[in-house]
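Number of protein chains: 2
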Amino acid sequence: MAGTARICSITNALAVVGERWSILALREIFFGQRRFDQIVAGTGASRDILATRLRTLVEAGVVTKELYEEHPPRYEYVLSESGEQIAPILLALMEWGNRYVTEGAPPTVFRHSCGAELHAETVCGHCRAPIRPGDSTVVRLGEVTPA
Amino acid sequence: MAGTARICSITNALAVVGERWSILALREIFFGQRRFDQIVAGTGASRDILATRLRTLVEAGVVTKELYEEHPPRYEYVLSESGEQIAPILLALMEWGNRYVTEGAPPTVFRHSCGAELHAETVCGHCRAPIRPGDSTVVRLGEVTPA
DNA sequence: GAGAGTCAGTTGGATTTCACAACTGACTTC
DNA sequence: GAAGTCAGTTGTGAAATCCAACTGACTCTC
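Chains A and B, in that order, give the protein sequences.
Numbering-wise, this note's numbering comes out as the position in the first sequence, counting from 1, plus 83.
Numbering-wise, this note's numbering comes out as the position in the second sequence, counting from 1, plus 83.
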């Protein structure tokens, strides 16, 4: 680090869900893949780091472990309330990836409860208009503080 | 890696903008901090990795370098079209961080062009309703493929 | 009831990346 | 001409990652 950093909720969010394998693990759980081996296969993470990432996600309260088999005791990973609320992050990443990185048709498709194919859009919570480049102005930036 | 991984636009997006210091650099540029030393100070990244991150972002076309001084030649970093479109990702991270990690008031505040304080919401592009946990169903998941 | 299979991790060792501080180079300002 | 600014680069030690193989607790099959 360079001695200073900005106080910002983006930094704070990344500290919890910002690691590569953490986000991918959350994606798999969001996709309904709840078990360790499924998450390994879906993310491509090595078992050891995935185990530590899941542990920190559980400690952070983003994910909970639920018993699905008694003998031997086995747990599956379920999104908590805060975990469910990462959907906007995942969907924003997916939309961006679809548009600017992935070639061809989107590999993953969701349907919204309204019946339409889901394409997430980000809107202003007040006026409900889509957010476009240049229509947001900074009122206050988090301070840049030493250490 | 574990030999397999899912084909998914989230993975693809993360390959381009998923590194910790990459997202934070994009945040700083989004916040209007366009110069190397400003980005160093705002992110807290060490100069060497930040330099390589910015280089890969430029190569990926997410950011461009624009000359702002001739003698000596100095460049500042500006979001390209695809770079501007990471706003939903940044705003989703910020909202989540505000809600679940940051203690106290949000450190960073934006105003939307409608006049209200900006709080991003993610909606279904078709019916415009906010996306809630459980109202999206999987139509197709990207394949899990070897290596 | 012995051997194979399933599942969720853990362990050990090589490799890669990262962090930090100091340095270069091209200039401008005092 | 000495000091300052700005954008990086370099070198080195510390830390994180990757991979494959292993453990442990069971169940299922022959």
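Note that the Cβ used here is the ideal one computed from N, Cα and C, for glycine as well.
List the residues that DSSP assigns as beta-bridge partners of V206(B).
E204(A), P213(B)
Only counting the same chain, and skipping five residues up and downstream in sequence, which positions put a Cβ closer than 7 angstroms to that of K148(A)?
Hits under 7 angstroms: V141, Y158, Y160.
DSSP bridge partner residues for S219(B) (one or two, in chain order):
In the DSSP output, where bridge partners are listed per residue, S219(B) has H195(A).
How many whole angstroms separate the CB atoms of A175(A) and A175(B), which I take to be in contact at a CB cut-off of 8 angstroms?
5 angstroms
What residues in the segment 192-205 of chain A have a beta carbon less than 9 angstroms from any beta carbon of chain B?
V192, F193, R194, H195, S196, C197, G198, A199, E200, L201, H202, A203, E204, T205
In the segment 115-159 of chain B, which residue ranges form an unbroken alpha helix (DSSP H) of at least 4 residues, counting only runs that do not cross its ends?
119-126, 130-142
Got a sec, what are the start and stop residues for the beta strand (DSSP E) T228(A) sits in?
Unbroken beta strand (DSSP E) run through T228(A): 227-229.
Under 8 angstroms between C-beta atoms of E172(B) and W104(A):
In the sequence on display, residue 172(B) carries Ile and not Glu. No, the pair does not count as a contact, with Cβ atoms beyond the cut-off.
Would R182(B) count as contacting chain A if we go by Cβ distances under 8 angstroms?
Interface criterion met: the Cβ of R182(B) is under 8 angstroms from a Cβ in chain A.
Residues of chain A with CB under 9 angstroms from E167(B), in chain order?
R215, P216, G217
Span of the beta strand (DSSP E), counted from its first residue to its last, around T94(A):
No beta strand (DSSP E) holds T94(A); the alpha helix (DSSP H) holding it covers 92-100.
How would you write the range of the alpha helix (DSSP H) that A88(A) sits in, first residue to last?
Note, A88(A): premise wrong, no alpha helix (DSSP H); beta strand (DSSP E) at 87-89.
Do you know offhand how far F113(A)'s Cα is from Q168(A)'s?
10 angstroms
In terms of residues, what are the limits of the alpha helix (DSSP H) holding S165(B)?
164-167
What residues in the segment 115-128 of chain A bring their beta carbon closer than 8 angstroms to a beta carbon of chain B?
Taking 8 angstroms as the Cβ-Cβ cut-off, the segment 115-128 of chain A approaches chain B at G115, V123, A124, G125, T126, G127, A128, given in chain order.
Chain-ordered chain B contacts of G187(A) [CB-CB under 9 angstroms]
Under the 9 angstroms cutoff, chain B gives no residues; its nearest Cβ is about 10 angstroms from G187(A).
So, for G144(A): in the same chain, excluding its five sequence neighbours on each side, which residues have a beta-carbon less than 7 angstroms away from its beta-carbon?
The residues are S163, S165.
Would you kindly report the start and end of the unbroken alpha helix (DSSP H) that includes P189(A)?
Element bounds for P189(A): n/a, residue is neither H nor E.
Spatial neighbours of I214(A) within its chain, please: C-beta separation below 7 angstroms, excluding the five flanking residues on both sides.
In the same chain as I214(A), and ignoring 5 residues on each side of it, the C-beta atoms closer than 7 angstroms to its own belong to T205, V206, C207, in chain order.
Assuming the contact rule is C-beta atoms closer than 8 angstroms, R130(B) and V123(B) should be a hit. Round their C-beta distance to whole Å, please.
6 angstroms
Neighbour flag for W179(A) against chain B, beta carbons, 8 angstroms
yes
I'd like to know if the segment 182-194 of chain A and the segment 181-196 of chain B are in contact, where contact means that at least 3 CB-CB pairs between them fall below 8 angstroms.
no
Between the alpha carbons of V146(B) and V184(A), how many angstroms are there, rounded?
15 angstroms
Between the Cα of A199(B) and the Cα atoms of L109(A), V221(A), H202(A), which residue gives the shortest distance?
In this structure, V221(A) is the residue among L109(A), V221(A), H202(A) with its C-alpha nearest to the C-alpha of A199(B).
Report yes or no: is there a C-beta of chain A within less than 8 angstroms of the C-beta of H154(B)?
no
Does the beta carbon of L150(B) come closer than 8 angstroms to any beta carbon on chain A?
Not one chain A Cβ lies under 8 angstroms of L150(B).
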